[in-house]
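As structure tokens, the structure follows; a few thoughts come after it.
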Amino acid sequence: MKKNNLLPLGLALLFLLIWGIYLKTLCPTLYVGDSGELIAGSYRLGVPHPPGYPLYEQAGAFFRLLPLGEIALRFNLFSAFFTTLAVTLCALFLTLLFNDFQLAVALSLTWAVGGALWEMACTTEVYPLANALFLALLITLALWRETRKSGFLILASLLYGLGLSAHYSFLLFAPGIFLYLLTVGSKKDLRKLPLLVAFGLLGWLSFSYLPLRAVRQPVVNWGNALNLTNFINHVKRAEYKEVSSLRSWRQFGEQFYYLFLFVRKELPLLSGFWGLIGLL
């Protein structure tokens with residue numbers, strides 16, 4: 478049997494391993510932060526804090542139907558599932574990148590048990606779904622580069638639009654993706670740009686969920702996006718401008734220091750040093 482034929486089996490075993498780890502350490506009830514709001518919003522098909530996270534609210538609603546434990550546990554399972562999927566997709570992407578499955582698994586496992594990802598995998602948050610979509614986007618772009626089939630490029634555009642509906646961090650990926658298209662693509666590919674934008678907007682259309690649900694006046698209904706003004710303000714997170722204007726330089730410095738400590742915990746300086754040695 479060829480080595481490539483073992484890849485699906487290897488990915489399946491990796492999925493089961495990570496899934497088992499996350500299930501063993503899963504938070505059984507409500508967690509701190511936004512968990513309670515996100516659960517209440519998705520359970521009642523409402524609209525949480527800006528920008529509303531419509532894709533999460535809709536996808537999470539399916540997990541509320543699981544006949545397992547209390548409602549909070551079901552949404553924690555939602556996070557565990559999509560984080561496990563993200564780790565598995567990461568292994569697939571790294572295999573495509575390095576053509577070395579063992580290396581891909583080692584790197585993916587390291588990411589899987591990192592403090593930040595592990596916590597997000599066991600509690601209710603919006604990041605697991607966004608992580609899975611981002612890895613799926615990377616794989617699709619890699620397959621397009623390898624096969625030159627325009628279907629992969631169109632699918633990547635759709636995934637990007639859906640990613641924006643999951644989390645606005647996808648905005649940060651736009652310059653890199655555009656540069657990638659300019660570098661790897663041909664003039665023929667660039668002529669498809671209007672079509673790609675159209676499919677990206679199609680994925681972003683999940684934001685139409687906000688006014689459709691606001692009409693019903695759900696229990697959780699931030700922004701009350703019944704009209705265009707409220708909708709735009711909620712989508713562009715206008716409410717947070719008031720909070721930002723009240724933030725002092727001292728608070729900014731404290732937050733930056735906290736971020737530094739967090740990154741240092743996730744990526745110790747010693748491991749970064751050895752990483753540079755390896756890169757050389």
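Per our numbering, the sequence shown starts with residue 478, numbered consecutively.
Every residue, glycine too, gets a C-beta built ideally from N, C-alpha and C.
Taking only three categories from DSSP, how would you classify residue i?
i	result
residue 698	strand
residue 524	strand
residue 479	Its pLDDT being 44, under 50, residue 479 is placed unreliably by the model, and nothing is read from it.
residue 716	helix
residue 735	helix
residue 505	coil
residue 577	coil
residue 743	helix
residue 544	coil
residue 515	helix
Judging by CA-CA distance, which residue of the options is the nearest neighbour of residue i?
i	options	result
residue 682	712, 482, 621, 545	712
residue 640	493, 539, 684, 519	684
residue 623	599, 570, 502	570
residue 561	619, 738, 525, 606	606
residue 596	670, 501, 615, 673	501
residue 521	600, 535, 678, 727	535
residue 613	627, 598, 589, 632	632
residue 517	541, 496, 708, 498	541
residue 654	636, 642, 665, 643	636
Start and end of the alpha helix (DSSP H) containing residue i?
i	result
residue 596	592 to 598
residue 623	604 to 624
residue 663	Here residue 663 belongs to no alpha helix (DSSP H), and DSSP marks it neither H nor E.
residue 634	627 to 643
residue 677	670 to 681
residue 703	Taken as a continuous stretch (DSSP letters only), residue 703 belongs to no alpha helix (DSSP H), as it is neither H nor E.
residue 689	686 to 691
According to the Cβ coordinates, are residue i and residue j closer than 8 Å?
i	j	result
residue 572	residue 563	no
residue 490	residue 585	no
residue 566	residue 505	no
residue 705	residue 691	no
residue 527	residue 686	no
residue 600	residue 508	yes
residue 638	residue 662	no
residue 708	residue 695	no
residue 618	residue 657	yes
residue 487	residue 578	yes
Just checking: is the beta-carbon of residue i within a distance shorter than 8 Å of some beta-carbon in chain C?
i	result
residue 715	Chain labels in this structure do not include chain C; a single protein chain is all it has.
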